[in-house]
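Asks:
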Amino acid sequence: MMTNTADALYVHDLSRELLLLLHLLGKRQLDTEALRPLTADLDWALFNKLVVHHRVVPPVYLALQEHSALVPEHVIPFLHRHYHQNMMKMLHLGRAMSQVREAFEHSGIRSLWLKGPLLALQLYGDMARRSSKDLDVLVDDRDVEKAREILIELGYVPEEEWLLNNWKRKSHHLSMEHPEHGVQVEIHWQLSPHSGKDCTFDDLWSRRKEIVLSGQSFYGIGGEDLLHYLAEHGARHGWFRLRWLLDIADLLPQSSSANMIAHLKLHGGRHYIGQALLLSGQLLSAAVPKALADETVNVRSYRLAGMALHYIKRMVQLNPVPEKSVAWHYHRYLFLLMSGKQRVAYIAGKLLPSSRDALMLPLPKPLRFLYYPLRPFLWFWRRMKQPSL
Numbered sequence: 069m070m071t072n073t074a075d076a077l078y079v080h081d082l083s084r085e086l087l088l089l090l091h092l093l094g095k096r097q098l099d100t101e102a103l104r105p106l107t108a109d110l111d112w113a114l115f116n117k118l119v120v121h122h123r124v125v126p127p128v129y130l131a132l133q134e135h136s137a138l139v140p141e142h143v144i145p146f147l148h149r150h151y152h153q154n155m156m157k158m159l160h161l162g163r164a165m166s167q168v169r170e171a172f173e174h175s176g177i178r179s180l181w182l183k184g185p186l187l188a189l190q191l192y193g194d195m196a197r198r199s200s201k202d203l204d205v206l207v208d209d210r211d212v213e214k215a216r217e218i219l220i221e222l223g224y225v226p227e228e229e230w231l232l233n234n235w236k237r238k239s240h241h242l243s244m245e246h247p248e249h250g251v252q253v254e255i256h257w258q259l260s261p262h263s264g265k266d267c268t269f270d271d272l273w274s275r276r277k278e279i280v281l282s283g284q285s286f287y288g289i290g291g292e293d294l295l296h297y298l299a300e301h302g303a304r305h306g307w308f309r310l311r312w313l314l315d316i317a318d319l320l321p322q323s324s325s326a327n328m329i330a331h332l333k334l335h336g337g338r339h340y341i342g343q344a345l346l347l348s349g350q351l352l353s354a355a356v357p358k359a360l361a362d363e364t365v366n367v368r369s370y371r372l373a374g375m376a377l378h379y380i381k382r383m384v385q386l387n388p389v390p391e392k393s394v395a396w397h398y399h400r401y402l403f404l405l406m407s408g409k410q411r412v413a414y415i416a417g418k419l420l421p422s423s424r425d426a427l428m429l430p431l432p433k434p435l436r437f438l439y440y441p442l443r444p445f446l447w448f449w450r451r452m453k454q455p456s457l
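If you want it as structure tokens, here you go:
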């Protein structure tokens with residue numbers, strides 16, 4: 069176990085409702101007598117709100133079922149209703165995932181499924197024990213256009229039009245939604261906006277992990293790739309949902325410290341792992357491997373963990389648009405998260421015109437070069453029209 073994190077991570081001002089939630093999610097045996105003082109005089113409406121916000125209904129419901137005498141009578145039915153809704157949604161996502169996988173395979177497209185039902189199966193062996201909003205699938209960047217066309221044939225509608233030809237440089241994924249059954253699919257050609265060229269799709273495919281669901285073989289990223297991806301994803305989103313941190317805590321026992329250290333030396337990202345270890349060890353009592361902590365925990369990861377606690381304590385929304393109360397703090401946090409090279413790429417990317425610019429101010433093709441000098445004005449105009457949360 070990692071020690072001495074309390075001095076660096078100030079957790080003494082957590083609400084009692086959040087403390088109970090963390091205790092239920094933590095990697096410890098739940099004892100009725102130990103839980104009793106934690107459940108006394110709680111704001112249960114706030115507790116329920118926290119559970120839903122952090123997308124951790126399944127583990128909390130399953131934990132409290134055995135201690136229902138300690139909670140008001142309305143809590144278990146509330147959690148049961150949300151648990152059932154989540155189970156039905158995950159089955160719904162599983163069916164859609166199966167249809168898309170089959171269509172991709174028929175067209176010769178290799179697919180690696182990220183998070184969603186497949187991650188629930190990888191971590192827990194049960195889709196109902198984790199929640200997911202949508203489906204994320206990684207394909208070779210040479211297959212993105214074909215994958216998009218296949219989804220259109222299946223009835224999915226792109227959220228944004230491709231009005232300019234620089235969309236691959238502006239993002240790392242595209243989003244589509246089916247208007248009838250409401251399933252959202254994100255096609256990724258990079259694991260993250262900051263993915264380096266050193267880790268190709270072929271590299272990830274060679275290390276893929278097979279999961280069999282209803283007789284079908286699905287492939288996801290596994291081992292060190294998965295831990296790295298989940299840590300980077302959670303970090304980019306400020307860990308504002310505890311679900312992502314719980315994934316880390318549950319994946320750590322399956323991970324090899326030696327292999328992970330070798331992976332980080334090759335691909336970088338020690339601060340992502342260090343931050344994830346600090347937060348999962350301090351908040352969820354996760355068993356953090358000492359060798360991995362010694363390699364990744366440093367001043368930068370401590371600072372990042374402290375900044376992420378700011379969001380966890382306040383139950384804020386950071387995605388797709390950060391709440392106004394934390395927007396400046398979050399942008400500072402993201403900048404600290406990036407390397408010098410990533411900061412340069414980020415700023416350069418902001419200067420590139422986007423399809424949203426073309427949508428706001430349609431120009432004929434010969435005049436599209438004007439989007440470059442007009443970009444700051446269009447960005448400012450869009451920000452002024454964007455509602456604050």
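Quick note: to get the working numbering, add 68 to the position in the sequence shown (first position is 1).
The C-beta atom is built at its ideal place from N, Cα and C for all residues, glycine as well.
1) With Gln252 as the anchor, note down where its beta strand (DSSP E) starts and where it stops.
2) Just to confirm before moving on: does the CB-CB distance between Leu405 and Ala303 stay below 8 Å?
3) Hey, Asp204 and His256: beta-carbon distance below 8 Å or not?
4) Run the CB neighbour count on Asp318, radius 10 Å, all protein chains shown included, and call it buried at 16 or more, exposed below.
5) Could you give the C-beta distance for Thr364 and Ile380, rounded to a whole number, given that I count them as a contact under 8 Å?
6) May I ask you to list the residues that DSSP assigns as paired with Met244?
7) Identify, in the order they occur along the chain, each residue of the same chain with its Cβ nearer than 8 Å to the Cβ of Tyr78, setting aside the five sequence neighbours on each side.
8) Near Ile177, which residues of its chain fall below 7 Å by C-beta distance, leaving aside the five closest residues on each side in sequence?
9) To the nearest angstrom, how far is the alpha carbon of Leu88 from that of Asn327?
10) Hey, how far is the Cα of Lys157 from the Cα of His301?
11) Measure from the alpha carbon of Ile275 to the alpha carbon of each residue in Gln284, Leu281, Ile289, then state which is nearest.
12) Answer with buried or exposed for Asn387, where buried requires no fewer than 16 other C-beta atoms within 10 angstroms of its C-beta.
13) For Lys183, count the other beta carbons within 10 Å of its own beta carbon; 16 or more makes it buried, fewer makes it exposed. Which is it?
14) With C-beta atoms as the reference, is Leu320 less than 8 Å away from Pro357?
15) In whole angstroms, what is the alpha-carbon distance linking Ile279 and Thr268?
16) By Cβ distance, which residues of its chain are closer than 7 Å to Phe146, with the 5 residues on each side in sequence left out?
17) Which whole-angstrom value is the C-beta distance of Ser243 and Glu254, which I expect to be below 8 Å?
18) Roughly how far, in whole angstroms, is the beta-carbon of Leu347 from the beta-carbon of Trp307, given that I think they are within contact range, below 8 Å?
19) Excluding sequence positions up to five away, which residues of its chain have a Cβ less than 8 Å from the Cβ of Gly337?
20) Closest to Val225 by C-alpha separation, out of Ser239, Lys201, Gly250, would be which residue?
21) Candidates Pro185, Ile218, Arg400, Leu272: which alpha carbon is nearest Leu165's?
22) For Ile279, list the residues DSSP reports as bridge partners.
23) Report the residue ranges of all alpha helix (DSSP H) runs contained in full by the segment 304-349; include only those spanning at least 4 residues, in chain order.
24) At 4 residues or longer, and completely inside the segment 359-397: list those alpha helix (DSSP H) runs for me, N to C.
25) Using a Cβ-Cβ cutoff of less than 8 Å, which residues in the same chain neighbour His241 once the five nearest sequence positions on both sides are dropped?
Replies: In short, the structure shows the following:
1) As a working mapping, residue 252 is identified with position 184 in the sequence shown. It spans 252-256 - the beta strand (DSSP E) in which Gln252 sits, taken as one unbroken run.
2) Along the sequence shown, one-based indexing puts residue 405 at 337. Along the sequence shown, one-based indexing puts residue 303 at 235. Result yes, Cβ atoms of Leu405 and Ala303 sit closer than 8 Å.
3) Translated into positions along the sequence shown, residue 204 becomes position 136. Translated into positions along the sequence shown, residue 256 becomes position 188. The answer is yes: Cβ separation under 8 Å.
4) In the sequence shown, counting from the first residue as 1, residue 318 sits at position 250. With 16 or more other Cβ atoms within 10 Å, it is buried.
5) For this step, residue 364 is matched to residue 296 along the sequence shown. For this step, residue 380 is matched to residue 312 along the sequence shown. Actually they do not touch by this definition, with Cβ atoms about 20 Å apart.
6) The sequence position of residue 244 within the sequence shown is 176, counting from 1. Answer is Pro226, Val253, bridged to Met244.
7) Counting from 1 along the sequence shown, the entry for residue 78 is found at position 10. Here the set comprises Gly374, Leu377.
8) Here residue 177 refers to the residue found at position 109 when the sequence shown is read from its first residue. Val207, Asp211, Lys214, Ala215.
9) Numbered from 1 along the sequence shown, position 20 holds the residue referred to as residue 88. Numbered from 1 along the sequence shown, position 259 holds the residue referred to as residue 327. C-alpha separation (whole angstroms): 35 Å.
10) Translated into the one-based positions of the sequence shown, residue 157 becomes position 89. Translated into the one-based positions of the sequence shown, residue 301 becomes position 233. In a straight line, the C-alpha of Lys157 is about 22 Å away from that of His301.
11) Against the sequence shown, residue 275 aligns to sequence position 207. One detail in the question is off: residue 275 reads as Arg in this sequence, not Ile. Nearest C-alpha to Arg275: Ile289.
12) Taking the sequence shown and counting its residues from 1, the one referred to as residue 387 is at position 319. Answer is exposed; the Cβ neighbour count stays below 16.
13) On the sequence shown, residue 183 is found 115 positions in, with the first residue counted as 1. Result: buried.
14) Position 252 of the sequence shown, counted from the start, is the residue given in the question as residue 320. Position 289 of the sequence shown, counted from the start, is the residue given in the question as residue 357. Against a cut-off of 8 Å, the Cβ pair of Pro357 and Leu320 comes out as a contact.
15) In the sequence shown, counting from the first residue as 1, residue 279 sits at position 211. In the sequence shown, counting from the first residue as 1, residue 268 sits at position 200. Rounded to the nearest angstrom, the two C-alpha atoms are 21 Å apart.
16) As a working note, residue 146 is residue 78 in the sequence shown. So the qualifying residues of the chain are Asn116.
17) Stepping through the sequence shown from its first residue, residue 243 is reached at position 175. Stepping through the sequence shown from its first residue, residue 254 is reached at position 186. Going by Cβ atoms, the distance from Ser243 to Glu254 rounds to 5 Å, so yes, they are a contact pair.
18) Your numbering for residue 347 matches position 279 in the sequence shown. Your numbering for residue 307 matches position 239 in the sequence shown. Leu347 to Trp307, Cβ: 6 Å. Contact.
19) Counted from its first residue, the sequence shown places residue 337 at position 269. Correct list, in chain order: His296, Ala299, Glu300.
20) Counted from its first residue, the sequence shown places residue 225 at position 157. Selected option, being the one with the closest Cα: Gly250.
21) Walking along the sequence shown from the start, residue 165 turns up at place 97. According to the sequence displayed, residue 165 carries Met and not Leu. It is Pro185 whose Cα lies nearest to the Cα of Met165.
22) As a working mapping, residue 279 is identified with position 211 in the sequence shown. Answer is Phe286, bridged to Ile279.
23) 310-319, 325-335
24) 367-382
25) Residue mapping note: residue 241 aligns to position 173 of the sequence shown, counting from 1. Here the set comprises Asp204, Glu254, Ile255, His256, Trp257, Gln258.
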